[in-house]
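Engineer: Chains as they are written, first to last, in the working numbering: chain A, 3 to 235; chain B, 10 to 301.
(1) Please go through the same chain and pick out, in chain order, the residues whose beta-carbon is closer than 6 Å to the beta-carbon of residue 217/B, but skip the five residues on each side of it.
(2) Counting C-beta neighbours from all protein chains within 10 Å, is the total for residue 144/A 16 or more, i.e. buried, or is it exposed?
(3) Give a yes or no on contact between the stretch 155-164 of chain B and the stretch 121-130 of chain B, applying the rule of three or more CB pairs nearer than 8 Å.
(4) Label residue 298/B either buried or exposed according to how many other C-beta atoms from any shown protein chain fall within 10 Å of its C-beta, with 16 as the threshold for buried.
(5) When you compare the CB of residue 10/A with every CB in chain B, is at least one pair closer than 8 Å?
(6) Name the one or two DSSP bridge partners that residue 5/B has.
(7) Buried or exposed for residue 5/A, please, with buried defined as at least 16 other CB atoms from any protein chain shown within 10 angstroms of its CB.
(8) What runs of the alpha helix (DSSP H), each 4 residues or longer, lie entirely inside the stretch 124-176 of chain A?
(9) Tell me whether residue 285/B sits in a helix, a strand or coil according to DSSP, three-state version.
(10) Taking just the CA atoms, how far does residue 276/B sit from residue 195/B?
(11) Would you list, in chain order, the members of the stretch 250-282 of chain B that have their beta-carbon closer than 8 Å to a beta-carbon of chain A?
(12) Run through the stretch 52-126 of chain B for me and flag every whole alpha helix (DSSP H) of 4 or more residues, listed as ranges in chain order.
(13) State the CB to CB distance for the pair residue 291/B and residue 222/B, rounded to an integer number of angstroms; the pair is presumed to be in contact (CB under 8 Å).
(14) Which residue wins for smallest C-alpha separation from residue 188/B, given the options 199/B, 154/B, 67/B?
(15) Just to confirm my understanding: we take residue 232/B, look at its own chain, exclude 5 residues before and 5 after, and list those with CB closer than 8 Å. What are they?
(16) Could you tell me the alpha carbon to alpha carbon distance between residue 141/A and residue 152/A, rounded to whole angstroms?
(17) With DSSP collapsed to three states, give me the class of residue 60/A.
(18) Residues of the stretch 200-220 of chain B in Cβ contact with chain A at a cutoff of 7 Å, in chain order, please.
(19) Starting from the Cα of residue 103/A, find the closest Cα among 155/A, 59/A, 37/A and give me that residue.
(20) With three or more beta-carbon pairs closer than 8 Å as the criterion, would you say the stretch 108-115 of chain A touches the stretch 27-45 of chain A?
(21) Using a beta-carbon distance below 8 Å, is residue 70/B in contact with chain A?
(22) Using 8 Å as the cut-off, can you tell me whether the stretch 266-274 of chain B makes contact with the stretch 141-149 of chain B, which would need three or more C-beta pairs spanning the two stretches below that distance?
(23) Less than 8 Å between the C-beta atoms of residue 243/B and residue 63/B, yes or no?
(24) Within the same chain, show all residues whose beta-carbon is closer than 6 Å to that of residue 285/B, passing over the 5 residues directly before and after it, in chain order.
(25) Would you call the stretch 110-123 of chain B in contact with the stretch 82-95 of chain B, where contact means no fewer than 3 C-beta pairs closer than 8 Å?
(26) Tell me the rounded alpha-carbon separation between residue 184/B and residue 172/B.
(27) Within 8 Å (strictly less), CB to CB, does residue 121/B reach chain A?
(28) How would you list, in chain order, the residues of chain A whose beta-carbon sits under 7 Å from the beta-carbon of residue 89/B?
(29) Once the 5 residues before and after residue 220/A are set aside, which same chain residues still bring their CB inside 7 Å of it?
(30) For residue 198/B and residue 227/A, I'd like the C-alpha separation in whole angstroms.
(31) What does DSSP give as the partner residue(s) for residue 248/B in the beta ladder?
(32) I'd like to know if residue 167/B contacts chain A, where contact means its C-beta is closer than 8 Å to some C-beta of that chain.
(33) DSSP on residue 256/B, reduced to helix/strand/coil?
(34) By the criterion of Cβ-Cβ separation under 8 Å, what are the contact partners of residue 137/A in chain B?
(35) Which same chain residues, not among the five before or five after residue 91/A, have their C-beta less than 7 Å away from its C-beta?
(36) How far does the alpha helix (DSSP H) with residue 185/A in it extend, from its first residue to its last?
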C-alpha cells in the first residue's frame, strides 16, 4: 500500500462530506467533548480541593490520582462494561452499547488527568498567592474560585490533554459502545474496523482526518487562550 | 449533523468552556448529561460474528428489514463465543452466530428460546502463493493441515473462541493432530478478528483458516490466496436465536422475533442469496433445510 492512496482517501472523505462519515465524526466529537466537559465539572473542583486540603493520606491520594492518568483504556472500558451490563449493578439503565456508555468510559479516563493537572497547577498558584489571598480574607475553600479563575489558562492545557487521551483511545469505546454502525461507531473504532477488513488506505485516511481534527481543536483552543489572556491583561 | 460552523464552534467551545468553567463549576449544578437521545427509535440489539460484519452482509440486509418493519437493528460484532456470552448476560436481544454445538448448548442451558438455521457458506484455507507446505490445490483439508504441522509452516489461529476458531480446532482433531501437543512457534494464536488474522497471515506468510465471505471482502491480500477449498468438512452453518425473555425480562421479544422470522422467511432468504461481491455469492440461505 502506498501512502498517497491514504491521502487520497482522507481527501475524499473530507471533500465528499459523506453523511455516514460526518455522522461518525460528529459522534466522536460529541462523545469526547461531553466526556471532557463532565470530567472538568467534576475534576477541576476536586483537583482544587486536593491542592489546598491537608489531611492524613493526602500523598497517597495524589500518587493514586497521578497513577490513574495511566489507566489503560481497555481496563476503564471493562469496568464500565461490567457496571452497565444487564447482569451488572447498573444493567437496568440499558446503557450498554449506547453513546452514553462511551461518555462514561471516557470521563473515567479523562478525570484523573484533570484532577492531577488541576492539583499541580493550583498548588503552585496557592504557594505564590497564599499570603495575598489570606490577607483578603480568602482562606481554604473560599480561595478556590479565585485560584481556579486565575489559573484558567493553565487549566485549559489539562483539559486539552484530556481531550487528546479521549479522542485517541479505541479500547474503551469499542468495549462499551460495541462499534454499532450509525450509532456507536467513532473515528477510532472505524479505523480498527477498516484495518480488520484490510482496507488500509481508508483506515489511514480516517486516521489523517482524526489528526487534522485534533490539530484544529488545539489551534482553536490556543488562539482563544491567547486572545483571552490579552484581554485579561 | 455536523456542519463546518458547528465544528468550529465546538473547537472554540472547548477553549471557552475551560475558561468559563472556572466560574460555572462552583455555581452551576451538574447538568443532566445525555448523548444521542435517540431512545425513541424502535430498535433491537443483535450480537453477531465478525464474519457477518466484515463481509458486509449486514449492510446489505438491514436496510430492507428496516424499510419493512420500522425496526432498527444494532449489530455488535464479536467472535461467536463472545457473542453468545453477550446474549447470556442479556446484553442482546438476538444472537446470530456460527458454531452449532455452542448454539445448541446455549438453548439447552435456557439462555435462548430456539435455534433456527439461516444460511451457510464455507471455510477456506488461505496461504502464501509460494505454498511452503505444498498443499495448494488439495481438496483434503485434513491432509493439508497435517502437512502444515509436519513441515512447521507458520499458521495463524484466531485463538478467540470464535466460530472459526472452533471450526479450526475441530479440523485439527479431524486431521489427527493434537494441537495442544503439536503447537510450537509455527502455530500463532492472535486472539483477534478474522480480518486481523488475515492481515497477520499476510505479514507473516502464514496459513490461516477463514470463512469465504470475509476473504472475498478482504482488501489487503498481498501474497495470500486460497490454497484448499471444497472439502465437505469445511461447511460453515449460521444460526439465529432469540435470547430467552424468561431469563432476561427486558429482551424485546416481539421485535427480536420479527427479525428472526424475516431472516428465515422468504424475503430475508432471498436478500441473503442476492448478496454478491464481484458476482460471487457469499452466503447460501438454507433455513428450510432440516437438520443443519
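Idealized CB from N, CA, C, for every residue including glycine.
Structural biologist: According to the structure shown:
(1) The residue given as residue 217/B occupies position 208 in the second chain. Same-chain partners within the cutoff: 135, 165, 206, 210.
(2) What you label residue 144/A is simply residue 142 of the first chain in a count that begins at 1. By the 10 Å Cβ count, residue 144/A comes out exposed.
(3) no
(4) As a first step, residue 298/B must be located in the second chain, where it is residue number 289. By the 10 Å Cβ count, residue 298/B comes out exposed.
(5) Numbered from 1 along the first chain, position 8 holds the residue referred to as residue 10/A. No, no contact with chain B.
(6) Since the first and last residues shown for chain B are 10 and 301, residue 5/B lies out of range.
(7) By one-based count along the first chain, residue 5/A stands at place 3. Exposed.
(8) 146-152, 154-170
(9) Along the second chain, read from residue 1 onward, the residue named residue 285/B stands at position 276. Note: residue 285/B maps to strand in three-state DSSP.
(10) For the purposes of this step, residue 195/B is identified with residue 186 of the second chain, where counting begins at 1. For the purposes of this step, residue 276/B is identified with residue 267 of the second chain, where counting begins at 1. One C-alpha to the other measures close to 45 Å.
(11) 257, 259
(12) 59-63, 66-78, 89-97, 109-117
(13) To locate residue 291/B, count along the second chain from 1; it is residue 282. To locate residue 222/B, count along the second chain from 1; it is residue 213. Their Cβ separation, rounded to whole angstroms, is 4 Å, which keeps residue 291/B and residue 222/B in contact under 8 Å.
(14) Indexing the second chain from 1 puts residue 188/B at position 179. It is 154/B.
(15) Translated into the one-based positions of the second chain, residue 232/B becomes position 223. These residues qualify, in order along the chain: 137, 138, 139, 211, 214.
(16) Reading the first chain from its first residue, position 139 is the one you call residue 141/A. Reading the first chain from its first residue, position 150 is the one you call residue 152/A. Cα-Cα distance, rounded: 16 Å.
(17) The residue you call residue 60/A lines up with position 58 of the first chain. Of the three classes helix, strand and coil, the one that applies to residue 60/A here is helix, per DSSP.
(18) 202, 204, 205, 207, 208
(19) Position 101 of the first chain, counted from the start, is the residue given in the question as residue 103/A. Residue 37/A is the option with its Cα nearest to residue 103/A.
(20) yes
(21) Taking the first residue of the second chain as 1, we reach residue 70/B at position 61. False, the Cβ-Cβ gap to chain A never drops below 8 Å.
(22) no
(23) Against the second chain, residue 243/B aligns to sequence position 234. Against the second chain, residue 63/B aligns to sequence position 54. No, the Cβ-Cβ distance between residue 243/B and residue 63/B is not below 8 Å.
(24) As a first step, residue 285/B is located in the second chain; it is residue number 276 there, counting from the start. Here the set comprises nothing.
(25) yes
(26) Within the second chain, the letter at position 175 stands for residue 184/B. Within the second chain, the letter at position 163 stands for residue 172/B. Spanning the two alpha carbons is a distance of roughly 18 Å.
(27) Working through the second chain from its first residue, we reach residue 121/B at position 112. It does not; no Cβ of chain A falls within 8 Å.
(28) The residue labelled residue 89/B in the question sits at position 80 within the second chain. None at all; the shortest Cβ gap to chain A is about 16 Å.
(29) For this step, residue 220/A is matched to residue 218 along the first chain. Excluding residues within five positions, the ones whose Cβ falls inside 7 Å are 162.
(30) For the purposes of this step, residue 198/B is taken as the residue at position 189 of the second chain. For the purposes of this step, residue 227/A is taken as the residue at position 225 of the first chain. Going from the Cα of residue 198/B to the Cα of residue 227/A covers about 50 Å.
(31) Translated into the one-based positions of the second chain, residue 248/B becomes position 239. 106/B, 126/B, per the DSSP bridge assignment.
(32) Position 158 of the second chain, counted from the first residue, corresponds to residue 167/B. No, residue 167/B lies away from the interface with chain A (no Cβ there is under 8 Å from its Cβ).
(33) In the second chain, the residue the question calls residue 256/B occupies position 247. Residue 256/B: coil per DSSP, three-state reduction.
(34) Indexing the first chain from 1 puts residue 137/A at position 135. Simply none; closest approach about 22 Å.
(35) As a first step, residue 91/A is located in the first chain; it is residue number 89 there, counting from the start. So the list reads 85, once near-sequence residues are dropped.
(36) On the first chain, residue 185/A is found 183 positions in, with the first residue counted as 1. From DSSP, residue 185/A is part of no alpha helix (DSSP H); its letter is neither H nor E.
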